[in-house]
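Protein chains in written order, with our numbering: chain A, 525 to 637; chain B, 1368 to 1480. Beta carbons are placed, not taken as given, at the ideal position from N, Cα and C, and that holds for glycine. Just so you know, these numbers come straight off a predicted model, no measurement behind them. Reviewing the structure listed below.
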């Protein structure tokens, strides 16, 4: 257990609605990441954070925004969900900055109808 | 842009046989490389982290080798067991902002009793 929780674990929503996914860590690690996993595309980085209020884009950031107002929470927001954002979303943390070993949360399965 | 390939995409072996999983990457300027295991419907479990300066890393029945100059890593699993059935993912990271991981498509392993 890497001390990472994600909420909700499952969500079904409709196209055009806003959605926020939460990642919570209990160990005050600096780096946090959001990935999505899709068949045929593998895992791809959406956004990451290197500290409170410090975030940057990943490979597939269009349509997503993030916020980190506290060390322990990293939020991923879909401002207006689309069917192409149906995916499994994983949060990860990097526990040891010198080594950058990443540990993953259990995932959130999001379905956009 | 880093590209990661894992061959084979799927592998089926009888229990007790040794497993050899291959990972190749295009950009050899990596910081480290991580091997993960993913069970169906679950998150990723970190198996091994091998630093760019290392040639090998071992944990129990698992051994990972790294040849950075040729862009290859191999995960060996000795004396496979049915509980080793899962998808195995490799992910090198680049020493840049965020030390972001790039994932391969994975090798799906089935160990038959």
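Unbroken beta strand (DSSP E) run spanning residue i, endpoints
| i | result |
| --- | --- |
| residue 534 of chain A | 534-537 |
| residue 1458 of chain B | 1453-1461 |
| residue 633 of chain A | 632-636 |
| residue 1381 of chain B | 1377-1381 |
| residue 529 of chain A | 528-531 |
| residue 1392 of chain B | 1386-1392 |
| residue 700 of chain A | Because chain A in this structure spans residues 525 to 637, residue 700 of chain A falls outside the shown range and cannot be described. |
| residue 1448 of chain B | Note, residue 1448 of chain B: premise wrong, no beta strand (DSSP E); not H, not E. |
| residue 1422 of chain B | Note, residue 1422 of chain B: premise wrong, no beta strand (DSSP E); not H, not E. |
| residue 1431 of chain B | 1429-1434 |
Minimum Cβ-Cβ distance from residue i to chain B less than 8 angstroms
| i | result |
| --- | --- |
| residue 630 of chain A | yes |
| residue 552 of chain A | no |
| residue 567 of chain A | yes |
| residue 604 of chain A | no |
| residue 527 of chain A | no |
| residue 582 of chain A | yes |
| residue 598 of chain A | no |
| residue 572 of chain A | yes |
| residue 626 of chain A | yes |
Closest residue to residue i among the options (Cα-Cα distance)
| i | options | result |
| --- | --- | --- |
| residue 1477 of chain B | B:1459, B:1427, B:1383 and B:1368 | B:1383 |
| residue 1426 of chain B | B:1392, B:1408 and B:1403 | B:1403 |
| residue 1396 of chain B | B:1434, B:1444, B:1379 and B:1480 | B:1434 |
| residue 616 of chain A | A:537, A:587 and A:561 | A:561 |
| residue 601 of chain A | A:543, A:549 and A:612 | A:543 |
| residue 611 of chain A | A:566, A:556 and A:582 | A:566 |
| residue 557 of chain A | B:1475, B:1472, B:1474 and B:1468 | B:1468 |
| residue 637 of chain A | A:552, A:609, A:630 and A:626 | A:609 |
| residue 554 of chain A | A:595, A:631 and A:614 | A:595 |
| residue 1446 of chain B | B:1370, B:1380 and B:1416 | B:1380 |
| residue 614 of chain A | A:593, A:559, A:535 and A:541 | A:559 |
Short CB-CB distance (under 8 angstroms) between residue i and chain A
| i | result |
| --- | --- |
| residue 1401 of chain B | yes |
| residue 1467 of chain B | yes |
| residue 1452 of chain B | no |
| residue 1410 of chain B | yes |
| residue 1392 of chain B | no |
| residue 1416 of chain B | yes |
| residue 1432 of chain B | no |
| residue 1472 of chain B | yes |
| residue 1398 of chain B | yes |
Residues that DSSP places opposite residue i in a beta bridge
| i | result |
| --- | --- |
| residue 594 of chain A | A:597 |
| residue 586 of chain A | None, per the DSSP bridge assignment. |
| residue 580 of chain A | A:572 |
| residue 614 of chain A | A:559 |
| residue 1403 of chain B | B:1413 and B:1456 |
Contacts that residue i makes with chain D (C-beta to C-beta distance below 8 angstroms)
| i | result |
| --- | --- |
| residue 618 of chain A | In the structure shown, chain D does not exist; the protein chains are A and B. |
Anticipated Cβ contact below 8 angstroms, residue i with residue j, distance rounded
| i | j | result |
| --- | --- | --- |
| residue 626 of chain A | residue 1401 of chain B | 7 angstroms |
| residue 1441 of chain B | residue 1405 of chain B | With 8 angstroms as the limit, residue 1441 of chain B and residue 1405 of chain B do not qualify as a contact, their Cβ atoms being about 19 angstroms apart. |
| residue 1410 of chain B | residue 630 of chain A | 5 angstroms |
| residue 585 of chain A | residue 571 of chain A | 6 angstroms |
| residue 1376 of chain B | residue 1472 of chain B | 7 angstroms |
| residue 624 of chain A | residue 1443 of chain B | About 23 angstroms separates the two Cβ atoms, so there is no contact after all. |
beta-carbon residue i near the ligand MN non-hydrogen atom, thresh 7 angstroms
| i | result |
| --- | --- |
| residue 564 of chain A | Absent from the structure shown: the ligand MN. Ligands present: none. |
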